[in-house]
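In this note's numbering, the protein residues as written are 150 to 586.
Written out as structure tokens, the structure reads:
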């Protein structure tokens, strides 16, 4: 009997997508982030202290984690106890209970959360000690009063899951409240613009940043968020436009809804983007003066430590905190199956039928999420990430997580070594930079 073989090019998933496209005549829309395998933090390892360096004793010697963001121009920079923040996720994409839980969790550990598209809710402001207000191309829900109530403003130029593309919020998630906040008709699909309506380049961005500083009396920091595609030039232009901090989002970052072809095929991995961004800041003489916050696939304290070692000042997490809240939890397996998915695979966040009550506007589903318990879970998750990063820093002999450096890292693959610009393990070879050894 001839052995049956599945095509590597036309595998079952590809065949299923071709058949779906032929049947429906529209591209696939989903949430989550890229699911393809790309070089990531797992391809890096730390060189722990031994004879040439001495580790710190975890029970007797401190390892600092604090970070200050935005002291370049702002009178009141953001001071965080940990270098881990919660990324922008809108009320609309998430339920009100989820947004409240994120605010509670972030506040419990001394870090910030971010509004996302569509404006600021009272629940979110009330439960977030430090709240970053996102200003997106859509300008949905934007008003000067909320800008003044924020602790920082994040101008979103791009997102890692869809650099060059705009956001989506399908009609089933646009309830009366969401519609009122965004000045939209209820139940009608919303597609955000892919670029800001009142500027077309860095010169205009500089004017916009000055306007925001005047509105807020130069009190709070202004961040600029970019999707990772050409990070050296984009970071340079953001800084020259006056940004206090740059948020760099890699292709593994999530989204509430976008074209699947966009999520999987546009942008670059965060591992490749960080060194280019750091080089841009160093060439300007502003590395550490302008803070670099990176996001896109951060899951563990090891990921946090590796991002910091490559030169980031902080990280931002989206999908990870949703999972901490209960997204894709096994207890909802039966309901995920009824939706045509499984716990661990569910990505239909655009549909608004999330059994965990997180990515939904259905009041019955949303009530399943207790904001108090959700906040506790998020706080626990962030504490664990921080402790893991501290454990690694101490093992490398560092008294602050920001003292981690590229010299503490090696790569397991040639691709990761070239992207992260650290040596291949067991050699001194950095592909493309240093001759082989």
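Beta carbons: idealized from backbone N, C-alpha and C, even for Gly.
Name the two residues that bound the continuous alpha helix (DSSP H) containing residue 210. Position 61 of the chain shown, counted from the first residue, corresponds to residue 210. Per DSSP, residue 210 belongs to no alpha helix (DSSP H) and is neither H nor E.
Residue of 160, 157, 226, 177 minimising C-alpha distance to residue 393: One-based indexing of the chain shown puts residue 393 at position 244. Ranking 160, 157, 226, 177 by Cα distance to residue 393 puts 226 first.
Return the chain-ordered list of same chain residues with a C-beta closer than 6 Å to the C-beta of residue 455, the five sequence neighbours on each side being excluded. On the chain shown, residue 455 is found 306 positions in, with the first residue counted as 1. 190, 193.
What does a CB cutoff of less than 8 Å around residue 286 pick up in its chain, not counting 5 residues either side in sequence? Position 137 of the chain shown, counted from the start, is the residue given in the question as residue 286. Closer than 8 Å at the Cβ level, and outside the excluded window around residue 286, lie 305, 315, 341, 342, 343, 344, 345, 346.
Identify, in the order they occur along the chain, each residue of the same chain with its Cβ nearer than 6 Å to the Cβ of residue 585, setting aside the five sequence neighbours on each side. The count along the chain shown starts at 1 and reaches residue 585 at position 436. Unreliable positioning characterises residue 585 in this predicted model, as indicated by a pLDDT of 46, which lies under 50. The coordinate reading is nonetheless provided below. Excluding residues within five positions, the ones whose Cβ falls inside 6 Å are 578.
So, helix, strand or coil for residue 377, using DSSP? Against the chain shown, residue 377 aligns to sequence position 228. Looking at residue 377 - three-state DSSP - the assignment turns out to be coil, as it is neither helix nor strand.
Beta-carbon proximity of residue 303 to residue 373, cut-off 9 Å: Numbered from its first residue, the chain shown carries residue 303 at position 154. Numbered from its first residue, the chain shown carries residue 373 at position 224. Taking 9 Å as the Cβ cut-off, residue 303 and residue 373 qualify as a contacting pair.
Endpoints, beta strand (DSSP E) assigned at residue 560: Position 411 of the chain shown, counted from the start, is the residue given in the question as residue 560. Its beta strand (DSSP E) spans residues 558-560.
In angstroms with no decimal places, state the Cα-to-Cα distance between residue 307 and residue 313. Looking up residue 307 in the chain shown gives position 158. Looking up residue 313 in the chain shown gives position 164. C-alpha separation (whole angstroms): 6 Å.
Alpha helix (DSSP H) segment containing residue 234, residue limits: Looking up residue 234 in the chain shown gives position 85. No alpha helix (DSSP H) contains residue 234, which is instead part of the beta strand (DSSP E) from 233-235.
Inspect the beta-carbon positions of residue 196 and residue 545 and report whether they are closer than 9 Å. Locating residue 196 in the chain shown gives position 47, counting from the first residue. Locating residue 545 in the chain shown gives position 396, counting from the first residue. Yes, these two residues count as a Cβ contact at 9 Å.
Residue 566: which of 162, 188, 451, 473 sits nearest, CA to CA? Position 417 of the chain shown, counted from the start, is the residue given in the question as residue 566. Measuring from the Cα of residue 566, the nearest candidate turns out to be 188.
Beta-carbon of residue 493 versus every beta-carbon of chain C: anything under 9 Å? In the displayed structure, chain C is absent; only one protein chain is listed.
Rounded C-alpha distance that separates residue 601 from residue 511: The question about residue 601 has no answer here: the residues shown for the chain are numbered 150 through 586.
Could you tell me the distance, in whole angstroms, from the CA atom of residue 560 to the CA atom of residue 350? Taking the chain shown and counting its residues from 1, the one referred to as residue 560 is at position 411. Taking the chain shown and counting its residues from 1, the one referred to as residue 350 is at position 201. Distance between the alpha carbons of residue 560 and residue 350 is about 37 Å.
I'd like the list of long-range same chain contacts for residue 217, defined as Cβ closer than 6 Å, with 5 residues on each side in sequence excluded. Position 68 of the chain shown, counted from the first residue, corresponds to residue 217. Here the set comprises 226, 228.
Along the chain, which unbroken stretches of the alpha helix (DSSP H) at least 4 residues long are found entirely within the stretch 302-376? 325-331, 351-364
Reference residue 177, options 516, 199, 408, closest by Cα: Here residue 177 corresponds to residue number 28 of the chain shown, with the count starting at 1. Measuring from the Cα of residue 177, the nearest candidate turns out to be 408.
Among 451, 539, 335, 445, which one has its Cα closest to the Cα of residue 465? As a working note, residue 465 is residue 316 in the chain shown. It is 445 whose Cα lies nearest to the Cα of residue 465.
By DSSP's criteria, residue 436 is part of a beta bridge. Which residues make up the other side? What you label residue 436 is simply residue 287 of the chain shown in a count that begins at 1. Answer is 439, bridged to residue 436.
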